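Chemist:
Structure (structure tokens):
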């Protein structure tokens, strides 16, 4: 079964020679929320994001899967005292034929106002602290790789194989996610609060996202033992959502079709025994209606180094 799932064309891909891997990693977590509305006096928008959080981690891998522990660098120096605790968990499985992402994210309360438009403000609010936004996101993403014999996702994202010749592949899959966003507009600056459209006077947004995605990934081998990857998976998404505590009843129980996007990029140096690299995985969810829009983006940048060990039985004499 394992051999079938990881069958490859060895002129394009060197198979995984080892059972286990050890890796040290530095990761940066990023998220951004944009709220928009339309009213009689034009459009308004507010953008929020926290400062990027940096983590250090230690991981062990078994063929497809990496598991380990990471901690926020600010925790060492007490940088998160009196802040709501952030939680980020992810499980990524990369095999030759298919991939699966499981994730759960709960934000803290250290957001800042990054942008605003449609307001007549005397006092600048860019980068102003705002502790009135929190969110929880959990989801599943699964996809199939069609040209799996020549194109290797594990080579770019789990360092368990080597891409020897450049190749690409069409990919298709599905995603499901749940989003819970709390927004306390009363904590906005008074000038902003006084001008808010009714569509932005809400407390909670809850929505489920069901999507079908089709995209393409390409591994470029630009030097010996080097590979870079870029993958785009745009999705057609059906969103079922509810906005509570808003005076605009048109926004209660909303069902609509919108577009999402999953972006991956990576560069890796891998000798089969030792590896070093960097990767980006980003999810963008977009929801739009006649008088309300919500875009949330979250992603992770990883920089890592490690080595594979415990050679598989069939390669011990090679």
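Residue numbers (our numbering): 3 to 320.
Glycine included, every Cβ here is placed at the ideal spot set by N, Cα and C.
Please read all numbers here as calculations on a predicted model, not as lab measurements.
1) I'd like to confirm the pairing. Which residues does DSSP put opposite residue 190 in its beta bridges?
2) Whose C-beta lies closer than 6 Å to the C-beta of residue 52 among residues of the same chain, with five residues either side of it excluded?
3) Determine, using beta carbons only, whether residue 271 and residue 227 come nearer to each other than 7 Å.
4) In the DSSP assignment, what residue or residues form a beta bridge with residue 127?
5) Are there 16 or more other CB atoms within 10 angstroms of the CB of residue 214, so buried, or fewer, so exposed?
6) Is the CB-CB distance between residue 96 and residue 140 below 7 Å?
7) Let me confirm a value: residue 69 is counted as buried when at least 16 other C-beta atoms fall within 10 Å, else exposed. Which label applies?
8) Write down the C-beta distance between residue 221 and residue 169 rounded to the nearest angstrom, noting that I regard them as a contact closer than 8 Å.
9) Report buried or exposed for residue 91, applying the criterion of at least 16 other Cβ atoms within 10 angstroms of its Cβ.
10) For residue 236, tell me which candidate among 264, 196, 246 and 211 has the shortest Cα-Cα distance.
11) Nearest to residue 103 by alpha carbon, out of 119, 132 and 145?
12) In three-state terms, what does DSSP make of residue 250?
13) Please classify residue 126 as buried or exposed, where buried requires at least 16 neighbouring CB atoms within 10 angstroms.
14) According to the Cβ coordinates, are residue 280 and residue 260 closer than 7 Å?
15) Could you tell me the distance, in whole angstroms, from the CA atom of residue 10 to the CA atom of residue 306?
16) Taking the alpha-carbon of residue 244 as reference, which of 295, 198 and 196 has the nearest alpha-carbon?
17) Starting from the C-beta of residue 211, find all residues in its chain whose C-beta is less than 8 Å away, skip the five residues before and the five after it, and write them out in chain order.
18) Where does residue 315 sit, in a helix, a strand or coil, going by DSSP?
19) Can you name, in chain order, every residue of its own chain whose Cβ lies under 7 Å from the Cβ of residue 283, other than the five neighbours on each side?
20) Output the boundary residues of the alpha helix (DSSP H) element that contains residue 158.
21) List, from N- to C-terminal side, the beta strand (DSSP E) runs of 3 residues or more that fit wholly inside the region 165-232.
22) Should residue 43 be labelled buried (16 or more other beta-carbon atoms within 10 Å of its own) or exposed?
Modeler: Taking the definition as stated:
1) Mapped onto the chain shown, residue 190 falls at position 188. Its beta-bridge partners do not exist; DSSP assigns none.
2) The count along the chain shown starts at 1 and reaches residue 52 at position 50. Setting aside the 5 residues that flank it on each side, residue 52 is surrounded in the same chain by 112 and 113, each with a C-beta closer than 6 Å to its C-beta; the list follows chain order.
3) In the chain shown, the residue the question calls residue 271 occupies position 269. In the chain shown, the residue the question calls residue 227 occupies position 225. Taking 7 Å as the Cβ cut-off, residue 271 and residue 227 qualify as a contacting pair.
4) Locating residue 127 in the chain shown gives position 125, where the first residue counts as 1. According to DSSP, residue 127 bridges with nothing at all.
5) As a working note, residue 214 is residue 212 in the chain shown. Around the C-beta of residue 214, fewer than 16 other C-beta atoms lie within 10 Å, and the residue is accordingly described as exposed.
6) Here residue 96 refers to the residue found at position 94 of the chain shown. Here residue 140 refers to the residue found at position 138 of the chain shown. No, the pair does not count as a contact, with Cβ atoms beyond the cut-off.
7) Taking the first residue of the chain shown as 1, we reach residue 69 at position 67. Exposed, by the Cβ-count rule.
8) Numbered from its first residue, the chain shown carries residue 221 at position 219. Numbered from its first residue, the chain shown carries residue 169 at position 167. Your pair residue 221 and residue 169 checks out as a contact, with CB atoms roughly 6 Å apart and the cut at 8 Å.
9) Along the chain shown, one-based indexing puts residue 91 at 89. Result: exposed.
10) For the purposes of this step, residue 236 is identified with residue 234 of the chain shown, where counting begins at 1. Checking every option, the nearest Cα to that of residue 236 belongs to 264.
11) Position 101 of the chain shown, counted from the first residue, corresponds to residue 103. When each option's Cα is compared against that of residue 103, the closest is 145.
12) As a first step, residue 250 must be located in the chain shown, where it is residue number 248. Residue placement at residue 250 is poorly supported in this model, since its pLDDT is 48, which falls under 50; the coordinates still yield a value, given next. Three-state result, residue 250: coil.
13) Locating residue 126 in the chain shown gives position 124, counting from the first residue. Under the 10 Å beta carbon count, residue 126 is surrounded by fewer than 16 other beta carbons and is classified as exposed.
14) Against the chain shown, residue 280 aligns to sequence position 278. Against the chain shown, residue 260 aligns to sequence position 258. Result no, Cβ atoms of residue 280 and residue 260 do not sit closer than 7 Å.
15) The count along the chain shown starts at 1 and reaches residue 10 at position 8. The count along the chain shown starts at 1 and reaches residue 306 at position 304. Straight through space, the alpha carbons of residue 306 and residue 10 are spaced by roughly 25 Å.
16) Indexing the chain shown from 1 puts residue 244 at position 242. Comparing Cα positions, the closest option is 295.
17) To locate residue 211, count along the chain shown from 1; it is residue 209. Counting only Cβ-Cβ distances below 8 Å, and skipping sequence neighbours, we find 141, 177, 178, 179, 180, 181, 239, 240, 241, 262 and 287.
18) Within the chain shown, numbered from 1, the residue matching residue 315 stands at position 313. Of the three classes helix, strand and coil, the one that applies to residue 315 here is helix, per DSSP.
19) For the purposes of this step, residue 283 is taken as residue 281 along the chain shown, with counting starting at 1. Within the same chain, and ignoring the five residues on either side of residue 283 in sequence, the residues whose Cβ sits closer than 7 Å to its Cβ are 266, 301 and 302.
20) For the purposes of this step, residue 158 is identified with residue 156 of the chain shown, where counting begins at 1. Its alpha helix (DSSP H) spans residues 155-159.
21) Counting only runs that start and end inside the region 165-232, the beta strand (DSSP E) elements of at least 3 residues fall at 169-185 and 206-225.
22) Here residue 43 refers to the residue found at position 41 of the chain shown. The residue in question, residue 43, is exposed, as its Cβ has fewer than 16 Cβ neighbours within 10 Å.
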